[in-house]
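Residue numbers (the working numbering): 18 to 375. Below is one structure, written out as structure tokens; the observations come after it.
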């Protein structure tokens with residue numbers, strides 16, 4: 018079997034680099050920068066039967082990928098996003114890892130890749146968090162972001178799935194504030210370029226979902242917007258997702274979000290918010306939301322692993338800017354406090370969602 022991982026100078030330089038970075042860490046100035054940590058986890062599938070085994074922690078470093086690999090030639094790859102949090106008493110915990118495992122398996126089926134079992138996935142996550150435990154920021158300073166990847170590392174020439182796939186997890190400490198944002202999101206509705214099409218891969222975390230929207234998001238940000246809210250590809254009148262997160266609207270005691278019918282990612286935070294909002298007595302609806310309905314909402318917010326729960330201060334559509342309620346006395350803030358309290362151990366986990374890392 019080919020060598021997949023080759024640490025720089027047998028790992029010595031990499032170790033020195035991470036030690037230097039850790040020694041200089043200022044948790045109060047943490048952002049969304051690339052910060053290499055100590056270890057990553059790698060596991061490969063068996064070419065004969067597609068099963069995964071013999072996964073291991075290795076020092077963080079570069080990896081070798083054959084130029085013929087399916088991920089480089091045909092984009093056969095998935096990723097997940099997760100976080101590890103530190104509680105007030107210094108413990109470390111993760112949130113609903115089995116849900117990410119199940120979503121990866123769903124995506125792998127769509128892209129014809131073998132995938133780790135739920136048990137293998139969760140165990141790998143535990144191992145890599147435990148190995149990088151010192152990189153979990155102090156309580157309230159941020160989180161350790163986890164990026165599980167599954168991709169076709171095996172070599173192909175014709176258009177076909179890879180004979181072998183690789184499962185890899187690396188970590189990176191990040192701030193609580195999404196990409197340095199300190200204000201409510203300002204979204205631009207784009208009615209020309211859809212994010213996803215029926216029958217495509219919008220409903221899974223395919224690596225190819227994101228680069229096609231780089232241009233339109235870049236243009237929106239150049240105009241002063243935070244991000245783009247995309248419409249459906251068929252009628253161009255129903256809201257779907259922001260570039261990397263789900264969208265919700267609030268009208269009185271009703272909270273609505275678009276249904277996951279193949280073009281919208283079934284977010285773990287999205288699923289959690291639906292359940293928590295229902296527990297609080299709100300009526301939660303999953304239905305197609307027209308732009309007209311959105312613009313009449315009291316509140317709008319976005320959910321996702323990276324974004325957490327972020328309120329939307331305004332939405333601009335056809336040069337008309339509509340503002341929404343934000344601040345402490347909102348449904349959005351109530352839900353934010355609830356899920357964040359569970360994440361960080363300030364509130365009791367009554368659902369069995371938290372997995373503690375010893």
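We put the CB at the ideal spot given by N, CA and C, even for glycine.
{"Check": "The region 87-105 in contact with the region 220-233 per 3-pair CB rule at 8 angstroms", "Outcome": "yes"}
{"Check": "Cα-Cα separation between residue 179 and residue 272, rounded to whole angstroms", "Outcome": "42 angstroms"}
{"Check": "Beta-bridge pairing of residue 268 - partner residues as DSSP gives them", "Outcome": "271"}
{"Check": "Start and end residues, alpha helix (DSSP H) containing residue 327", "Outcome": "First-last for residue 327: 325-334, but that is the beta strand (DSSP E), not the alpha helix (DSSP H)."}
{"Check": "Reduced DSSP secondary structure (H/G/I, E/B, other) of residue 247", "Outcome": "strand"}
{"Check": "Assumed close pair residue 265, residue 320 - CB separation to whole angstroms, cut-off 8 angstroms", "Outcome": "7 angstroms"}
{"Check": "Proximal residues to residue 315 (C-beta, below 6 angstroms), its chain only, five neighbours per side dropped", "Outcome": "267, 268 and 342"}
{"Check": "For residue 383, three-class secondary structure by DSSP", "Outcome": "Past the edges of the chain, shown from 18 to 375, lies residue 383, and the structure says nothing about it."}
{"Check": "The region 280-299 / the region 228-243 touching (three or more Cβ pairs under 8 angstroms)", "Outcome": "no"}
{"Check": "Cβ neighbours of residue 305 in the same chain (closer than 8 angstroms, five flanking residues each side left out)", "Outcome": "249, 255, 275 and 276"}
{"Check": "CA nearest to the CA of residue 181, picked from 200, 141 and 131", "Outcome": "131"}
{"Check": "Residue range of the beta strand (DSSP E) that includes residue 208", "Outcome": "Residue 208 -> no beta strand (DSSP E), and no H or E assigned at all."}
{"Check": "Bounding residues of the beta strand (DSSP E) (the contiguous stretch that carries residue 57)", "Outcome": "56-62"}
{"Check": "Rounded C-alpha distance that separates residue 358 from residue 283", "Outcome": "22 angstroms"}
{"Check": "For residue 330 and residue 347, the rounded distance between their alpha carbons", "Outcome": "12 angstroms"}
{"Check": "Residue 393 in three-state terms, based on DSSP", "Outcome": "Here the chain comprises residues numbered 18 to 375, so residue 393 is not present and cannot be evaluated."}
{"Check": "Own chain, CB closer than 7 angstroms to residue 47, minus 5 neighbours either side, in chain order", "Outcome": "154, 158, 159, 190, 191 and 192"}
{"Check": "Residue 155 (DSSP reduced to helix, strand or coil)", "Outcome": "coil"}
{"Check": "Option in 138, 211 and 313 with minimal Cα separation from residue 69", "Outcome": "138"}
{"Check": "Residues near residue 207 by beta carbon distance below 8 angstroms, same chain, minus five either side", "Outcome": "233, 237, 245, 246, 247 and 248"}
{"Check": "Residue 60 beta carbon less than 8 angstroms from that of residue 184", "Outcome": "yes"}
{"Check": "Closest by C-alpha distance to residue 270, when choosing among 307, 349, 367 and 251", "Outcome": "349"}
{"Check": "Close-in-space but distant-in-sequence residues of the same chain around residue 88 (CB under 8 angstroms, 5 per side omitted)", "Outcome": "82, 94, 168, 169, 170, 179 and 224"}
{"Check": "Three-state secondary structure (DSSP) of residue 20", "Outcome": "Only weak support exists for where residue 20 lies, its pLDDT of 37 falling under 50; the value from the coordinates is given anyway. Coil, per DSSP."}
{"Check": "The region 98-114 touching the region 363-374, judged by at least three CB pairs closer than 8 angstroms", "Outcome": "yes"}
{"Check": "Whole-Å CB distance - residue 121 paired with residue 165, under 8 angstroms assumed", "Outcome": "7 angstroms"}
{"Check": "Beta-carbon spacing of residue 188, residue 362 below 8 angstroms", "Outcome": "no"}
{"Check": "Same chain only: Cβ atoms within 8 angstroms of residue 376, ignoring 5 sequence neighbours per side", "Outcome": "Outside the shown range of the chain, which is 18 to 375, sits residue 376, and nothing can be said about it."}
{"Check": "Own chain, CB closer than 6 angstroms to residue 333, minus 5 neighbours either side, in chain order", "Outcome": "205"}
{"Check": "Distance between residue 63 and residue 152 (C-alpha atoms, nearest Å)", "Outcome": "32 angstroms"}
{"Check": "Closest Cα partner of residue 217 within the set 279, 210 and 258", "Outcome": "279"}
{"Check": "Extent of the continuous beta strand (DSSP E) run through residue 103", "Outcome": "99-103"}
{"Check": "In chain order, each alpha helix (DSSP H) run of at least 4 residues that lies wholly inside the region 114-139", "Outcome": "114-127"}
{"Check": "Beta-bridge pairing of residue 355 - partner residues as DSSP gives them", "Outcome": "DSSP lists no partner for residue 355."}
{"Check": "Residue 231 in three-state terms, based on DSSP", "Outcome": "helix"}
{"Check": "Alpha carbon of residue 142 to alpha carbon of residue 84, nearest angstrom", "Outcome": "28 angstroms"}
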